[in-house]
Amino acid sequence: MFSSLVLAAALASQSPASAVTVEARAERIDVGYEELAEGRTIDAIARIEASLATNPQDPAALINLAAAYARLGRAGDARSALNAAAASSERFDLQLADGRWLDSRQAARMAMTMLKDGQTLALR
Numbered sequence: 001m002f003s004s005l006v007l008a009a010a011l012a013s014q015s016p017a018s019a020v021t022v023e024a025r026a027e028r029i030d031v032g033y034e035e036l037a038e039g040r041t042i043d044a045i046a047r048i049e050a051s052l053a054t055n056p057q058d059p060a061a062l063i064n065l066a067a068a069y070a071r072l073g074r075a076g077d078a079r080s081a082l083n084a085a086a087a088s089s090e091r092f093d094l095q096l097a098d099g100r101w102l103d104s105r106q107a108a109r110m111a112m113t114m115l116k117d118g119q120t121l122a123l124r
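Take the sequence shown: its position 24, counted from the start at 1, is 24 in my numbering, and no numbers get skipped.
What follows is the structure in structure tokens.
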């Protein structure tokens, strides 16, 4: 699917504009990142759910859905989305902002740890 994604991590309590900009290769699948970055959480959920309707196993969409749920204080729903991302039959490598590569399942597990610490992980 994506050969190159960069992760952006932002504290849930910080301004959404503080998230690091991320890039994907030319093929883009909308997973609500722009809405999350702009602080439009409800719009992000709507866009992500529409994306998941066509590809319910997309780990990037599931991780962003978890980030949106976490922003709304829906920790249980966020955990469920992250568990689905970690268990997804789809998997691909993601590139962290520091240049390290990480499997999408590892990214989901990383996001679960961040959720416990009150942080979120969003993908574009």
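Backbone N, C-alpha and C define an ideal beta-carbon position, used for all residues, glycine too.
Just so it is clear, the structure is predicted and the values come from calculations on it, not from any experiment.
Query raised in the report: When you compare only the Cα positions, how much space is there between threonine 41 and serine 89?
Result: 27 Å
In chain order, each beta strand (DSSP E) run of at least 3 residues that lies wholly inside the region 72-124: 93-95, 101-103, 119-123
Arginine 47: first and last residue of the uninterrupted alpha helix (DSSP H) it sits in = 41-54
Considering only the beta carbon of each residue, do tyrosine 69 and aspartate 77 sit closer than 8 Å?
yes
Report task. May I have the straight-line CA-CA distance separating alanine 128 from leucine 62, to the nearest angstrom? Result -> No answer is possible for residue 128: it lies beyond the span of the chain, which begins at 1 and ends at 124.
(message) Beta-carbon within less than 7 Å of arginine 109's beta-carbon, same chain only, minus the 5 sequence neighbours each way: which residues are those?
(response) Ala86
Original post:
Is DSSP giving glutamate 38 helix, strand or coil here?
Top reply: coil
Discussion item. Please return the same chain residues whose Cβ sits closer than 6 Å to the Cβ of alanine 84, not counting the five positions on each side in sequence.
Written reply: Leu62
*asked:* Taking the straight line between their C-alpha atoms, what separation do you get for methionine 112 and aspartate 103?
replied: 14 Å
task = Could you work out which residue in Lys116, Phe92, Glu49 is closest to glutamine 106 when comparing CA atoms only?
result = Phe92
Kindly list the residues whose CB is nearer than 7 Å to the CB of aspartate 30, restricted to its own chain and excluding five residues on each side of it in sequence; keep chain order. Arg47, Ser51
query: Can you tell me the Cα-Cα spacing of lysine 116 and arginine 74, whole angstroms?
result: 12 Å
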